[in-house]
């Protein structure tokens, strides 16, 4: 297939582009490189050294003989450019990663909230609008998030997208319906993904757009089979308080002798998936497209769930790191359970990668190799969900703040 990978320079987008190219597909990356600009804004860089997207694609061609084409397009702002590109190239499938992906970044300030909403919602709607306008019958695969469900405990497993309900009619009878599982976003970022869901429902119903929405868990790990081919193909690895995902952050903290930062009680249960499984799930989704006129197909793209404090204790036992319990910058329940159904991917052949010590050690080794690139001052999570929470944030988990002499 000819596949457009929107946001293909990012944390999941890049290894997905490589994986799909290795499968023989013709890959076109559309990206505005905003994630690199955010690095500059935050004054932090990927732990792993990243070449330009042009150099990355050149190395891929040198190593494999396959080309990945890059197009500099801002999906949220350049509607006509996007529409014309789609009209000219008419891809068979589109994989949509082109959204600001960090909950803490989306909560930093009013400006960051506006940016996240404008970027994410406009990008998704511009894409859907353009597909309908040019009559492009491509399969759209979108990377969503488990966070659309929220993390409240209702004592039942979260289904894959849809919830069967009975409503009482005016005649006093029961009528069965299938609705989207009630959205319960925990951040502005998660809210944009909930809005994506509604856009997808409308365009699938109104215009017959074929859509698969992947509600993904927290991604951990560094390498995929393709990124191992050449060191210059290495994936980005975020460790900072805004973009670093919790398990990867624990592993990097352990590697450099920084305390493992658990916020609140650590009783938050999260869903996880290894980066290799993430790209494999996208491949499986592309091979199992819905038919035109079908409702949006929704997968829960995760392989296991863990409490944050249990992960910290696991890493501490493995590495000897210390655990620091800090105030929580997020507005969330201190404890929650999370039971998630993910039968669809398992039935379609996914063989899940679980938290094995060897893979955890691999991440620690990568972290140690590039530890010289870490700016320790950027590790703390300092983006507060509300103004009331902001004064409680701990900005110095290592206790190295200069103290005044009394």
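In this note's numbering, the protein residues as written are 523 to 928. Beta carbons are placed, not taken as given, at the ideal position from N, Cα and C, and that holds for glycine. Since the structure is predicted, the reported quantities are computational estimates derived from the model, not experimental observations.
Query - residue 757 to residue 572 span [Cα, whole Å] - result: Within the chain shown, numbered from 1, the residue matching residue 757 stands at position 235. Within the chain shown, numbered from 1, the residue matching residue 572 stands at position 50. Cα to Cα, residue 757 sits roughly 8 Å from residue 572.
Query raised in the report: Which residue's Cα is closest to the Cα of residue 715: 575, 658, 671 and 699?
Result: As a position in the chain shown, residue 715 is number 193, starting the count at 1. Of the listed residues, the one whose Cα sits closest to residue 715 is 671.
Query raised in the report: Leaving out five residues before and five after residue 792 in sequence, what residues of the same chain have Cβ atoms less than 6 Å from its Cβ?
Result: Sequence index remark: in the chain shown, residue 792 carries index 270 (1-based). Excluding positions up to five away in sequence, the list reads 740.
Requested in this report: Assuming residue 905 contacts residue 626 (C-beta within less than 8 Å), just tell me the rounded distance between them.
Outcome: Reading the chain shown from its first residue, position 383 is the one you call residue 905. Reading the chain shown from its first residue, position 104 is the one you call residue 626. The pair is a contact, with the Cβ atoms about 4 Å apart (cut-off 8 Å).
Query - Three-state class that DSSP yields for residue 880 in the structure shown - result: Here residue 880 refers to the residue found at position 358 when the chain shown is read from its first residue. Three-state DSSP puts residue 880 in a helix.
**Report entry** Three-way DSSP call (helix, strand, coil) for residue 759 in this model
**Finding:** The residue you call residue 759 lines up with position 237 of the chain shown. Residue state, collapsed to three classes: coil.
Requested in this report: Look up residue 647 in the DSSP assignment and say whether it is helix, strand or coil.
Outcome: Taking the first residue of the chain shown as 1, we reach residue 647 at position 125. Under the three-state reduction of DSSP output, residue 647 falls in the helix class.
Query raised in the report: Going by Cα to Cα distance, which pick from 610, 780, 721 and 836 is closest to residue 882?
Result: Locating residue 882 in the chain shown gives position 360, where the first residue counts as 1. Out of 610, 780, 721 and 836, the CA that lies nearest to the CA of residue 882 is found in 836.
Report task. Enumerate in chain order the residues of its own chain whose CB-to-CB distance from residue 727 is below 8 Å, with the five nearest sequence positions on each side excluded. Result -> If you number the chain shown from 1, residue 727 lands on position 205. Only 817 meet the Cβ criterion.
Query raised in the report: Is the segment 793-808 in contact with the segment 907-922, if contact means three or more CB pairs nearer than 8 Å?
Result: The segment 793-808 vs the segment 907-922: no contact.
Query raised in the report: Do residue 820 and residue 737 have their C-beta atoms closer together than 8 Å?
Result: Residue numbering aside, residue 820 sits at position 298 when the chain shown is read from its first letter. Residue numbering aside, residue 737 sits at position 215 when the chain shown is read from its first letter. Contact: yes.
Query - Boundaries (first-last residue) of the alpha helix (DSSP H) holding residue 576 - result: Within the chain shown, residue 576 is the residue found at index 54, counting from 1. Secondary structure note for residue 576: its alpha helix (DSSP H) is the uninterrupted segment 575-586.
Query raised in the report: Would the beta-carbon of residue 769 fall within 8 Å of that of residue 833?
Result: The count along the chain shown starts at 1 and reaches residue 769 at position 247. The count along the chain shown starts at 1 and reaches residue 833 at position 311. At the C-beta level, residue 769 and residue 833 come within 8 Å of one another.
**Report entry** residue 536 - containing beta strand (DSSP E), residue span
**Finding:** Looking up residue 536 in the chain shown gives position 14. Segment 535-544 is the alpha helix (DSSP H) holding residue 536; no beta strand (DSSP E) there.
Report task. Look at the alpha carbon of residue 529 and the alpha carbon of residue 536, and state the distance between them as a whole number of angstroms. Result -> For the purposes of this step, residue 529 is taken as residue 7 along the chain shown, with counting starting at 1. For the purposes of this step, residue 536 is taken as residue 14 along the chain shown, with counting starting at 1. Roughly 8 Å between the two C-alpha positions.
Requested in this report: Count the C-beta pairs between the segment 682-693 and the segment 644-653 that are closer than 8 Å, then say yes if the count reaches three, no if not.
Outcome: Because the criterion of three Cβ pairs below 8 Å is not met, the segment 682-693 and the segment 644-653 do not touch.
Query raised in the report: Can you tell me the Cα-Cα spacing of residue 789 and residue 681, whole angstroms?
Result: Within the chain shown, residue 789 is the residue found at index 267, counting from 1. Within the chain shown, residue 681 is the residue found at index 159, counting from 1. Computed Cα separation, rounded: 22 Å.
Requested in this report: Sort 744, 735 and 829 by Cα distance to residue 823 and report the nearest one.
Outcome: Locating residue 823 in the chain shown gives position 301, counting from the first residue. Checked all of 744, 735 and 829; the closest Cα to residue 823 is 735.
Query raised in the report: Got a sec, what are the start and stop residues for the alpha helix (DSSP H) residue 785 sits in?
Result: On the chain shown, position 263 is the one that residue 785 refers to. Segment 782-785 is the beta strand (DSSP E) holding residue 785; no alpha helix (DSSP H) there.
Query raised in the report: Identify the residues that DSSP records as bridge partners of residue 952: which are they?
Result: Only positions 523 to 928 of the chain appear in the structure, and residue 952 is not among them; the question remains open.
Query - Alpha-carbon spacing of residue 794 relative to residue 583, whole angstroms - result: Sequence index remark: in the chain shown, residue 794 carries index 272 (1-based). Sequence index remark: in the chain shown, residue 583 carries index 61 (1-based). Separation of residue 794 and residue 583 (C-alpha to C-alpha, rounded to the nearest whole angstrom) is 32 Å.
Report task. Please state whether DSSP places residue 703 in a helix, a strand or coil. Result -> One-based indexing of the chain shown puts residue 703 at position 181. If DSSP states are grouped into helix, strand and coil, residue 703 belongs with coil.
Report task. Go to residue 603, then tell me how far its alpha helix (DSSP H) extends in each direction, as first and last residue. Result -> As a working mapping, residue 603 is identified with position 81 in the chain shown. Segment 601-611, the alpha helix (DSSP H) holding residue 603.
Requested in this report: Just mark residue 559 as buried or exposed, buried being the case when its beta carbon has 16 or more other beta carbons within 10 Å.
Outcome: By 1-based counting over the chain shown, the position of residue 559 is 37. Classification of residue 559: exposed, given that the 10 Å Cβ count is below 16.
Query raised in the report: Among the residues of its own chain, which have a CB less than 7 Å from the CB of residue 721, if the five just before and after it don't count?
Result: Start at 1 with the first residue of the chain shown, and residue 721 comes out as number 199. Listed in chain order, the non-local C-beta contacts of residue 721 below 7 Å within the same chain comprise 646, 647 and 650, local neighbours out to five positions each way being set aside.
Report task. Determine the direct distance from the alpha carbon of residue 686 to that of residue 591, and round the result to whole angstroms. Result -> As a position in the chain shown, residue 591 is number 69, starting the count at 1. As a position in the chain shown, residue 686 is number 164, starting the count at 1. Rounded to the nearest angstrom, the two C-alpha atoms are 43 Å apart.
Requested in this report: Could you check if residue 701 is buried or exposed, using at least 16 other CB atoms within 10 Å of its CB as the buried criterion?
Outcome: For the purposes of this step, residue 701 is identified with residue 179 of the chain shown, where counting begins at 1. So residue 701 counts as exposed.
Query raised in the report: If you count every other CB in all the chains shown that lies within 10 Å of the CB of residue 631, and 16 or more means buried, which is it?
Result: By one-based count along the chain shown, residue 631 stands at place 109. It counts as exposed.
**Report entry** N-terminal and C-terminal residue of the alpha helix (DSSP H) that residue 865 is part of
**Finding:** For this step, residue 865 is matched to residue 343 along the chain shown. Its alpha helix (DSSP H) spans residues 865-869.
Query - Assumed close pair residue 662, residue 616 - CB separation to whole angstroms, cut-off 8 Å - result: The residue you call residue 662 lines up with position 140 of the chain shown. The residue you call residue 616 lines up with position 94 of the chain shown. 5 Å between Cβ atoms; contact.
Report task. Within 10 angstroms of the Cβ of residue 731, are there 16 or more other Cβ atoms? Answer buried if so, exposed if not. Result -> The residue you call residue 731 lines up with position 209 of the chain shown. Residue environment for residue 731: buried (at least 16 other C-beta atoms within 10 angstroms of its C-beta).
Requested in this report: Leaving out five residues on either side along the sequence, give the residues of the same chain with a beta carbon under 7 Å from the beta carbon of residue 780.
Outcome: Start at 1 with the first residue of the chain shown, and residue 780 comes out as number 258. If we look at residue 780 and ignore the five residues flanking it on each side, its Cβ neighbours are 898, 901 and 920.
Query raised in the report: Whose C-beta lies closer than 8 Å to the C-beta of residue 595 among residues of the same chain, with five residues either side of it excluded?
Result: As a working mapping, residue 595 is identified with position 73 in the chain shown. So the list reads 552, 553, 554, 603, 604 and 607, once near-sequence residues are dropped.
Report task. Name the one or two DSSP bridge partners that residue 742 has. Result -> As a first step, residue 742 must be located in the chain shown, where it is residue number 220. As computed with DSSP, residue 742 is found in a beta bridge with 796.
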